[in-house]
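First the structure, in the form of structure tokens, and then the observations on it.
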Amino acid sequence: MTIQTLLSQKGGVGKSTIAVNLAAVTADVLNQDDDPDATSPVAAVSVDPQGSAIWWADRLDNLPFHVVQAHNDLDGLRRLRELPGIRHTYIDTPGWIDLAGDDDTSDPLGRGAAADALRAVLEVTDHVIVPMETEPLCFDPTARTIRKVLEPRGIPYTVVINNWDPRDGQRDLEETKEFVRANKWPLAKTVIRHYKLHTRASADGLVVTEYPANRVALQAREDFYRLALELRIDGGR
Ligand SMILES: Nc1ncnc2c1ncn2[C@@H]1O[C@H](COP(=O)(O)OP(=O)(O)O)[C@@H](O)[C@H]1O
Ligand SMILES: [Mg+2]
1 MTIQTLLSQK
11 GGVGKSTIAV
21 NLAAVTADVL
31 NQDDDPDATS
41 PVAAVSVDPQ
51 GSAIWWADRL
61 DNLPFHVVQA
71 HNDLDGLRRL
81 RELPGIRHTY
91 IDTPGWIDLA
101 GDDDTSDPLG
111 RGAAADALRA
121 VLEVTDHVIV
131 PMETEPLCFD
141 PTARTIRKVL
151 EPRGIPYTVV
161 INNWDPRDGQ
171 RDLEETKEFV
181 RANKWPLAKT
191 VIRHYKLHTR
201 ASADGLVVTE
211 YPANRVALQA
221 REDFYRLALE
231 LRIDGGR
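Heads up, the sequence shown is in full-length UniProt numbering, so the first residue is 1 and it goes up one at a time.
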């Protein structure tokens, strides 16, 4: 059983999009589609009190992987490893509510139910995926996520650049990569490109494996297969 968690203090960087679509491509290769009794060995868990509604509200029962809403279930989170029949779990988190404030170095996750849920998640996580976009506004929250939460806990992580639009040219991408390298953070080679399709699909509740088979959709989908493959090779303990 491998548990990978999407984490960034910043909202809107693609935590939910990546969690759901990594679950989708993993389920695509692991589900036993020819056995009607088999259930998926893949789970997507959300500890975002609001976040899952966008994607999953109407589709809880017919996504190709299990969906678990667990922000209120601390005991369940602590026992995530024991989920029967599950081989891969992807956990979607909110940008954490920074109750402690920047001056309180005791625990940057702060207090309260949301912070407890995040701490429980980090306890059981094998590997964290830190999405970031190619814009300077993303640099500080990414640094805080890594330095205050991941490094003190010794949790392995990989930074993944998301939502880069090739039409904007290479410059922002190169600057972002340079920033990550200068900090010596592990960076995924796979860049998740910007496709309008993803934005629309999230509104429709579709995952990448369900996109129509046209050229753009296949490119959009390819990013997630590549990322899943790359993280299986290098990610996890
Ligand atoms: N690679 C991408 N291409 C296009 N839209 C994207 C991409 N990644 C995320 N989005 C869109 O950006 C918004 C924020 O993404 P989301 O996954 O909800 O971020 P988070 O969970 O970190 O807040 C959503 O509307 C989503 O559809
Ligand atoms: Mg989200």
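Glycine residues also receive a C-beta, built at the ideal position from the N, C-alpha and C atoms. Given the structure is predicted, the values throughout are model-derived calculations rather than measurements.
- About 16 Å separates the Cβ atoms of L150 and V47, ruling out a contact at the 8 Å cut-off.
- For P141, the uninterrupted alpha helix (DSSP H) run begins and ends at 139 to 144, by DSSP.
- Here A23 really is in contact with A44; their C-beta atoms are around 4 Å apart, less than 8 Å.
- A38 carries a coil assignment under DSSP once its states are collapsed to helix, strand and coil.
- Nearest to V208 by C-alpha distance, out of V68, R193, F224, is F224.
- If you draw a straight line from the Cα of D92 to the Cα of I86, it comes to about 16 Å.
- For V160, the uninterrupted beta strand (DSSP E) run begins and ends at 157 to 164, by DSSP.
- In the assembly as shown, N72 is an exposed residue. Its beta-carbon has fewer than 16 other beta-carbons within 10 Å.
- Separation of the CB atoms of T2 and D126 is rounded to 5 Å, and the pair is thereby assigned contact status at 8 Å.
- The C-beta separation of Q9 from G112 comes to about 16 Å, leaving the pair out of contact by the 8 Å criterion.
- The beta carbon of K10 sits no closer than 7 Å to any heavy atom of ligand 2.
- The beta carbons of Y211 and A201 sit closer together than 8 Å.
- Under the three-state reduction of DSSP, T89 is assigned to strand.
- Counting only the Cα atoms, R79 lies some 27 Å from G11.
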